[in-house]
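Peer 1: For the record, the sequence lines run as chains A and B. First residue of the first sequence? That's 1 in my numbering, and the numbers climb one at a time after it. First residue of the second sequence? That's 165 in my numbering, and the numbers climb one at a time after it. Ideal Cβ positions, reconstructed from N, Cα and C, are used throughout, including at glycine.
Protein chains: 2
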Amino acid sequence: MKYHHGMDAPVTILDRLLEISDLFQRDLAREFAGTSLTPARTRVLWDLVHTGPSTQHALATRLEVSPRNVTGLVDALEASGYVRREPHPDDRRAVLVTLTPSAAELMHEMQRDHAELSDALLGVVAPADRDAFLRGVGAVADRLRDLVETAEAGRAAARAGVER
Amino acid sequence: MKYHHGMDAPVTILDRLLEISDLFQRDLAREFAGTSLTPARTRVLWDLVHTGPSTQHALATRLEVSPRNVTGLVDALEASGYVRREPHPDDRRAVLVTLTPSAAELMHEMQRDHAELSDALLGVVAPADRDAFLRGVGAVADRLRDLVETAEAGRAAARAGVER
DNA sequence: GGTGATAGTGAAGTACCATCACGGTATGGA
DNA sequence: TCCATACCGTGATGGTACTTCACTATCACC
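Structural data, given as structure tokens:
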């Protein structure tokens, strides 16, 4: 009973939840293999179809990445014809990133597929279990969100106190 | 009713599941901020504590990445003192990647934390919902695994038929 | 003892992300 | 009106995570 590395821990719910996300991301990546779309670039398009034309700064804030990174992502998307940079009507510093019609079409299709997949997955849960399942997932998500939030707040406080 | 980009789609279960995974990964990243550990390198350690000393090739197979990539990850882990490369007893081409004692300790601690978190999350699900919740997560994971598997098999078949 | 697979790595390239420095623009006073 | 300051985007630079291709060293087998 020293190393017991062969003693595989049982598969926990957390493992299952992580596996689900992993499978989904793998599927998404496979879907766009061969195109110039990548997960990060798709995230940009996904945001744009939800919020409409946006400045790069706003995009960076919502996606929680650096503005510099957005520049690169938009560069790639623009080169492939998914988005256009248009001048901002009343701020000459900013640009408005807008989906091209074909990209908008693609993203709407993706939204439909996403909703369909979600329904299909819910469909495999036994009807009697469905409500409890939804409540459970919601409760876990809420709790985790809470945990991460306080952890980040704690770290931010520690940083403010100790550093600089 | 043309673009309705402001028309936010409702949050689906799939969204929730993805959010859970995202939160978890964010928490993990935050935990190792400041150290030389990163998600990919942690994955290597996680595998090693589960399976014991391993060749890089076996590691690459299990993690589903290229052997070349494993070289780089092990380089970094070795430089930071998490693993050692030891000669394989009966194959002079191969090396055995082994956890250093302190890294083994760290990973066992991580296993405990992981199990604890999993329990804590299950704990926030109402007791009456728990069984249905577990069945639901299992069913969804199984179905998704199935979907991804057949999708990949289909693509592999198409590639074999059309290409080269 | 040669031949073909196998283990690991160098070289080169892509994607994603960060920070820092800088130029252009907006904005709110003095 | 003019200036300080804050803000938008991007060039430069660098790190991590991944890939494929070419190459060496070794193994395994006949």
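Since arginine 178 of chain B contacts leucine 121 of chain A with CB under 8 Å, what's their CB separation in whole angstroms?
Peer 2: First, the residue type needs correcting, since residue 178 of chain B is leucine and not arginine in the sequence shown. Their Cβ separation, rounded to whole angstroms, is 6 Å, which keeps leucine 178 of chain B and leucine 121 of chain A in contact under 8 Å.
Peer 1: Contact defined as beta carbons within less than 8 Å: I believe valine 95 of chain A pairs with glutamine 56 of chain A. What is the distance between those atoms, to the nearest angstrom?
Peer 2: 6 Å
Peer 1: Mind reading off the beta-carbon distance from leucine 281 of chain B to valine 148 of chain A? Whole number of angstroms is fine, and I expect it under 8 Å.
Peer 2: Leucine 281 of chain B to valine 148 of chain A, Cβ: 11 Å. No contact.
Peer 1: Excluding the 5 residues flanking arginine 41 of chain A on each side, which residues of the same chain have their C-beta closer than 8 Å to its C-beta?
Peer 2: Leu73, Ala76, Leu77, Tyr82
Peer 1: With 9 Å as the C-beta to C-beta threshold (strictly closer), list the residues of the segment 110-136 of chain A near chain B in chain order.
Peer 2: Gln111, His114, Ala115, Leu117, Ser118, Asp119, Ala120, Leu121, Leu122, Gly123, Val124, Val125, Ala126, Ala128, Asp129, Arg130, Asp131, Ala132, Phe133, Leu134, Arg135, Gly136
Peer 1: Checking 8 Å against the spacing of the C-beta atoms, do leucine 134 of chain A and leucine 45 of chain A come in under that value?
Peer 2: no
Peer 1: Considering only the beta carbon of each residue, do alanine 151 of chain A and arginine 194 of chain B sit closer than 8 Å?
Peer 2: yes
Peer 1: Cβ of proline 174 of chain B within 8 Å of Cβ of glutamine 189 of chain B?
Peer 2: no
Peer 1: Which of the three DSSP states is assigned to valine 326 of chain B in this structure?
Peer 2: Caution is warranted here: a pLDDT of 47 is assigned to valine 326 of chain B, below 50, making its placement in the model unreliable, and no coordinate value can be reported.
Peer 1: Counting only C-beta atoms, is valine 148 of chain A closer than 8 Å to chain B at any point?
Peer 2: For valine 148 of chain A, the nearest CB of chain B lies under 8 Å from its own CB, placing it at the interface with that chain.
Peer 1: Taking just the CA atoms, how far does proline 89 of chain A sit from proline 231 of chain B?
Peer 2: Proline 231 of chain B and proline 89 of chain A have their alpha carbons spaced roughly 51 Å apart.
Peer 1: Pick helix, strand or coil for tyrosine 3 of chain A, following the three-state DSSP scheme.
Peer 2: The pLDDT assigned to tyrosine 3 of chain A is 47, lower than 50, so where the model puts this residue is not dependable; a value taken from the coordinates is nonetheless given after this. Residue state, collapsed to three classes: coil.
Peer 1: What is the rounded straight-line gap between the Cα of glutamate 269 of chain B and the Cα of leucine 227 of chain B?
Peer 2: 22 Å
Peer 1: Taking DSSP's pairing of strands, which residues face threonine 143 of chain B in a bridge?
Peer 2: The requested residue 143 of chain B does not occur in the structure, where chain B is confined to residues 165 to 328.
Peer 1: If you compare alpha carbons, which of B:Ala296, B:Pro291, B:Ala292 is closest to alanine 128 of chain A?
Peer 2: B:Ala296
Peer 1: Express the C-alpha separation of threonine 35 of chain A and valine 70 of chain A in angstroms, rounding to a whole number.
Peer 2: Their backbone Cα atoms lie some 19 Å apart in a straight line.
Peer 1: How many angstroms separate the CA atom of alanine 317 of chain B from the CA atom of arginine 43 of chain A?
Peer 2: 26 Å
Peer 1: If you follow the alpha helix (DSSP H) that serine 230 of chain B is part of, which residue opens it and which one closes it?
Peer 2: From DSSP, serine 230 of chain B is part of no alpha helix (DSSP H); its letter is neither H nor E.
Peer 1: Let me know if glycine 300 of chain B comes out buried or exposed under the rule of 16 or more other beta-carbons within 10 Å of its beta-carbon.
Peer 2: buried
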